[in-house]
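Asks:
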Amino acid sequence: MPRLTVAQAVVAFLARQWSERDGQRRRLIPGCFGIFGHGNVAGLGEALAGAAAAGIDLPYRLCRNEQGMVHTAAAYARMTDRLATLACTTSIGPGATNLVTGAAGATINRLPVLLLPGDIFATRPANPVLQELEDVRSHDISVTDALRPVSRYWDRINRPEQLPAALLAAMRVLTDPVETGAVTLALPQDMQAEAYDWPAELFAERTWHVPRPRPDEAAVRRAARTVTAAHRPVVVAGGGVIYSGATDALRDFAERHGVPVVETQAGKGALPYDHPLCLGAVGVTGTNAANEIAASADVVIGIGTRYSDFTTASGTLFGDARFVNLNITGFDAAKLSGAQVVGDARETLAALSSACGDWATAPAYRSTVAELGARWAAVVDQARRVAADAAPTQAALIGAVNDAAGPRDVVVCAAGSMPGDLHKLWRSTDPKAYHVEYGYSCMGYEIAGGIGVKLAAPDREVFALVGDGSYLMLPSELVTAVAEGVKLVVVLVDNQGFASIGRLSESVGAQRLGTAYRDRAGGPLPVDLAANAASLGAEVIRVTTMAELRAGLAAAKAADRTTVVHVSTDPMEPGPAGGAWWDVPVAEVSATAAARAARAAYETGRKARRAHLRPS
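In UniProt numbering, the protein residues as written are 1 to 616.
1. Kindly list the residues whose CB is nearer than 7 Å to the CB of LEU130, restricted to its own chain and excluding five residues on each side of it in sequence; keep chain order.
2. Bridge partners for CYS278 per DSSP, in chain order?
3. Which of the three DSSP states is assigned to SER470 in this structure?
4. If you measure between the beta carbons of CYS356 and VAL227, is that distance less than 7 Å?
5. Tell me VAL490's beta-bridge partners as DSSP assigns them.
6. Which class does ILE328 belong to by DSSP, given the choice of helix, strand or coil?
7. Please confirm if the region 447-467 is in contact with the region 303-321, defined as three or more CB-CB distances below 8 Å between the two stretches.
8. What do you reckon, are the CB atoms on HIS209 and GLU20 nearer than 7 Å?
9. Taking contact to mean at least 3 C-beta pairs separated by less than 8 Å, is the region 218-235 in contact with the region 197-207?
10. Helix or strand or just coil, what does DSSP make of THR5?
11. Could you spell out the range, first to last residue, of the alpha helix (DSSP H) harbouring LEU478?
12. Can you tell me whether VAL235 is buried or exposed, with buried defined as 16 or more other CB within 10 angstroms of its CB?
13. Quick check: what's the CA-CA separation for LEU133 versus SER142?
14. Please identify the residue among PRO211, ALA388, VAL136 whose C-alpha is closest to the C-alpha of VAL173.
15. Is the distance from the Cβ of residue 646 to the Cβ of ALA414 below 7 Å?
16. For ASP421, tell me which candidate among THR287, ALA516, ALA481 has the shortest Cα-Cα distance.
17. Starting from the C-beta of GLY338, find all residues in its chain whose C-beta is less than 7 Å away, skip the five residues before and the five after it, and write them out in chain order.
18. Report yes if the C-beta distance between TYR76 and CYS32 is below 7 Å; otherwise report no.
19. Taking the alpha-carbon positions, what's the ALA169 to ARG232 distance?
20. Indicate the three-state DSSP secondary structure (helix, strand or coil) for PRO233 in the structure shown.
21. For a minimum of 4 consecutive residues, which ranges assigned as the alpha helix (DSSP H) are wholly contained in the region 412-444?
22. State the Cα-Cα distance for the pair ALA249 and TRP582, rounded to the nearest angstrom.
23. Would DSSP call SER337 helix, strand or coil?
24. Please specify which runs of the beta strand (DSSP E), each continuous and at least 3 residues long, are wholly inside the region 180-207, giving them in chain order.
25. Look up LEU130 in the DSSP assignment and say whether it is helix, strand or coil.
26. For ARG375 and VAL100, what's the separation of their Cα atoms in angstroms?
27. For a test of the three-state rule: what should DSSP assign to PRO524, helix, strand or coil?
28. What span of residues does the alpha helix (DSSP H) with VAL380 cover, start to end?
29. Go ahead and pull the three-state DSSP assignment for TYR243.
30. Counting beta carbon pairs with one atom in the region 481-500 and one in the region 561-581, are three or more of them shorter than 8 Å?
31. Of the residues SER314, LEU336, VAL342, which one's Cα is nearest the Cα of VAL220?
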């Protein structure tokens with residue numbers, strides 16, 4: 001029985017965990033990110049430092065912000081179809097609470113991340129210790145409890161004997177596509193350093209088999225009856241299509257039965273953009289083509305989607321449709337009163353297609369789909385068209401990055417106005433080429449997430465598109481990219497403020513309050529973001545025109561180190577509209593005419609909302 005500290009046992013265990021699906025086996029947790037403090041340096045810090053000498057392969061990487069390392073782990077998990085992730089360790093106090101935002105994003109997006117925050121003393125020799133949260137209700141409450149509501153599994157290890165069961169439970173949740181999300185094991189600092197005689201079996205190599213649950217045959221037959229009765233069906237492809245590797249099954253289903261496909265943010269790339277049945281983005285950030293088809297659909301086939309308010313346009317997009325929901329979780333399959341087909345997306349699509357037999361939509365419907373798709377393609381072409389000597393619009397910038405990226409290269413984005421324009425305008429030919437975090441839409445995700453994508457797919461170029469507002473939230477992870485030799489192309493869009501919220505603020509009568517980077521006198525701030533990026537170790541290319549942008553992107557792609565392309569765009573120049581509504585409540589009474597007009601428009605918009613309560 002090996003005698004190890006709790007921290008040494010954690011490291012030894014994690015290094016021997018594997019995942020397997022469809023015969024493909026890979027390390028479940030191939031590395032650990034962290035920042036050390038008094039709550040983890042003597043425990044996990046010592047264990048990681050001595051890992052190689054002990055024959056344990058668990059590389060450590062230093063990040064610069066705890067939130068950022070969770071974004072990196074989540075992006076890594078997404079890029080590997082949730083079959084691998086990274087561990088993240090912090091000290092107690094602010095290090096632990098900085099994990100909360102990243103953990104929430106991971107859980108919302110159904111992405112596995114493993115969090116190992118330090119914690120207060122389990123033995124309580126002297127209270128309060130540095131950074132301890134004292135709570136009059138119990139001495140067993142600490143700041144790591146803040147991670148409970150954003151974790152799919154949470155445990156505190158107060159005794160060494162508790163560790164084996166907690167580790168096994170953590171791995172089960174990480175590898176369960178139904179339950180996965182953030183997993184937290186809070187490790188009191190005295191327990192980390194305590195030695196124990198462990199059963200040797202704990203450190204045996206262990207493979208976690210990721211299942212492909214097959215759907216209930218009766219549920220498939222019921223769904224097929226609904227689908228084959230449809231005249232204007234549409235598939236809403238969500239992230240589950242891509243995570244399950246169901247893109248070929250989706251293509252087969254769409255082509256065999258003549259069903260058009262629209263895509264959520266997480267599902268974009270489920271079909272190549274130029275496929276005749278692909279209408280691209282749907283919902284608030286969707287295309288006119290996708291939204292028109294969705295609005296007239298009589299049956300909506302949701303595959304691996306959460307049906308967020310952006311997808312449903314706050315309940316106003318889909319008309320008098322019936323829903324058939326294919327999802328690995330019953331929770332999501334039950335939404336919108338849909339017929340529930342619970343199972344793996346790839347297996348369920350194949351079963352549904354077989355049950356639908358030779359049924360197919362009418363040629364006239366498919367012709368309408370093709371016509372709408374061609375019409376939107378022309379809109380995209382026009383939006384991208386800007387003179388070579390002119391300043392880029394955001395739409396033209398997206399087009400230039402799209403042109404610079406190869407078919408397998410990845411665009412990463414998260415918050416602000418760019419995700420909406422990217423959803424509509426980006427032309428993706430690979431299911432892994434589009435990586436936009438829009439479940440939590442977390443500012444600061446882009447650079448940290450780009451690191452995770454590049455670590456998971458080092459053979460792909462990664463373009464991280466980040467606005468100035470989001471950049472200022474978490475620029476420190478540029479240092480991590482430079483230190484780790486992780487090459488990114490960061491396109492830093494400087495439009496002097498929060499462009500997306502500026503437009504939203506104006507639309508609800510708030511007159512762009514607090515959305516522009518200005519001093520108290522209204523003048524521009526003397527902030528040089530390009531110089532800031534250079535000071536953090538990145539190569540920087542400043543561009544002002546479309547011609548310079550294209551040249552700068554080519555140079556950045558050819559570079560062998562992280563390069564920031566700094567470009568200014570006009571925040572008042574929106575991309576093409578997709579015609580969907582989003583519910584953002586407007587003040588019912590106001591002294592300003594703008595707010596009163598916005599309220600009238602709001603009342604009109606919400607009249608289109610449907611409850612979708614008809615039994616399936």
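A virtual CB, placed ideally from N, CA and C, is assigned to each residue, including glycine.
Replies: Here's the rundown:
1. As a working note, residue 130 is residue 130 in the sequence shown. Excluding sequence positions up to five before and after LEU130, its CB lies within less than 7 Å of the CB of HIS38, all in the same chain and listed in chain order.
2. In the sequence shown, counting from the first residue as 1, residue 278 sits at position 278. Residue pairing by DSSP places CYS278 opposite VAL261 in a beta bridge.
3. By 1-based counting over the sequence shown, the position of residue 470 is 470. Helix.
4. If you number the sequence shown from 1, residue 356 lands on position 356. If you number the sequence shown from 1, residue 227 lands on position 227. In contact: CYS356 and VAL227 (Cβ atoms closer than 7 Å).
5. Translated into the one-based positions of the sequence shown, residue 490 becomes position 490. According to DSSP, which records beta bridges pairwise, VAL490 is partnered with ALA464, VAL564.
6. One-based indexing of the sequence shown puts residue 328 at position 328. In the structure shown, ILE328 sits in coil (DSSP, three-state: anything other than H, G, I, E or B).
7. The count of Cβ pairs closer than 8 Å, one atom from the region 447-467 and one from the region 303-321, stays below three, leaving the stretches out of contact.
8. As a working note, residue 209 is residue 209 in the sequence shown. As a working note, residue 20 is residue 20 in the sequence shown. Cβ distance < 7 Å, so HIS209 and GLU20 count as in contact.
9. Cβ pair count under 8 Å is below three, so no.
10. Your numbering for residue 5 matches position 5 in the sequence shown. Of the three classes helix, strand and coil, the one that applies to THR5 here is strand, per DSSP.
11. Position 478 of the sequence shown, counted from the start, is the residue given in the question as residue 478. Here the alpha helix (DSSP H) through LEU478 covers 477-483.
12. As a first step, residue 235 is located in the sequence shown; it is residue number 235 there, counting from the start. VAL235 comes out buried.
13. One-based indexing of the sequence shown puts residue 133 at position 133. One-based indexing of the sequence shown puts residue 142 at position 142. Going by the C-alpha atoms only, they are around 5 Å apart.
14. Numbered from its first residue, the sequence shown carries residue 173 at position 173. Closest by alpha carbon: PRO211.
15. Beyond the ends of the chain as shown, which are 1 and 616, falls residue 646; an answer cannot be given.
16. The residue labelled residue 421 in the question sits at position 421 within the sequence shown. When each option's Cα is compared against that of ASP421, the closest is THR287.
17. The residue given as residue 338 occupies position 338 in the sequence shown. Around GLY338: GLY302, PHE323, VAL324, ASN325, SER616.
18. Residue mapping note: residue 76 aligns to position 76 of the sequence shown, counting from 1. Residue mapping note: residue 32 aligns to position 32 of the sequence shown, counting from 1. Not a contact, by the Cβ cut-off of 7 Å.
19. Locating residue 169 in the sequence shown gives position 169, where the first residue counts as 1. Locating residue 232 in the sequence shown gives position 232, where the first residue counts as 1. The alpha-carbon separation between ALA169 and ARG232 amounts to approximately 45 Å.
20. Stepping through the sequence shown from its first residue, residue 233 is reached at position 233. Three-state result, PRO233: strand.
21. With a minimum length of 4 residues, the continuous alpha helix (DSSP H) runs that stay inside the region 412-444 are 418-425.
22. The sequence position of residue 249 within the sequence shown is 249, counting from 1. The sequence position of residue 582 within the sequence shown is 582, counting from 1. Looking at the two C-alpha atoms, the distance is approximately 32 Å.
23. Taking the sequence shown and counting its residues from 1, one reaches residue 337 at position 337. The answer is helix: DSSP assigns SER337 an H, G or I state.
24. DSSP runs (the beta strand (DSSP E)) wholly in the region 180-207: 182-188, 195-197.
25. Walking along the sequence shown from the start, residue 130 turns up at place 130. If DSSP states are grouped into helix, strand and coil, LEU130 belongs with coil.
26. Position 375 of the sequence shown, counted from the first residue, corresponds to residue 375. Position 100 of the sequence shown, counted from the first residue, corresponds to residue 100. Spanning the two alpha carbons is a distance of roughly 44 Å.
27. Taking the first residue of the sequence shown as position 1, residue 524 is located at position 524. Strand.
28. Your numbering for residue 380 matches position 380 in the sequence shown. Annotation: the continuous alpha helix (DSSP H) that includes VAL380 extends over 363-384.
29. Walking along the sequence shown from the start, residue 243 turns up at place 243. Assignment of TYR243 by DSSP, reduced to helix, strand and coil, places it in the helix class.
30. Between the region 561-581 and the region 481-500, the count of Cβ pairs shorter than 8 Å is three or higher; the stretches touch.
31. Looking up residue 220 in the sequence shown gives position 220. Looking at the Cα atoms, VAL342 is the closest of the given residues.
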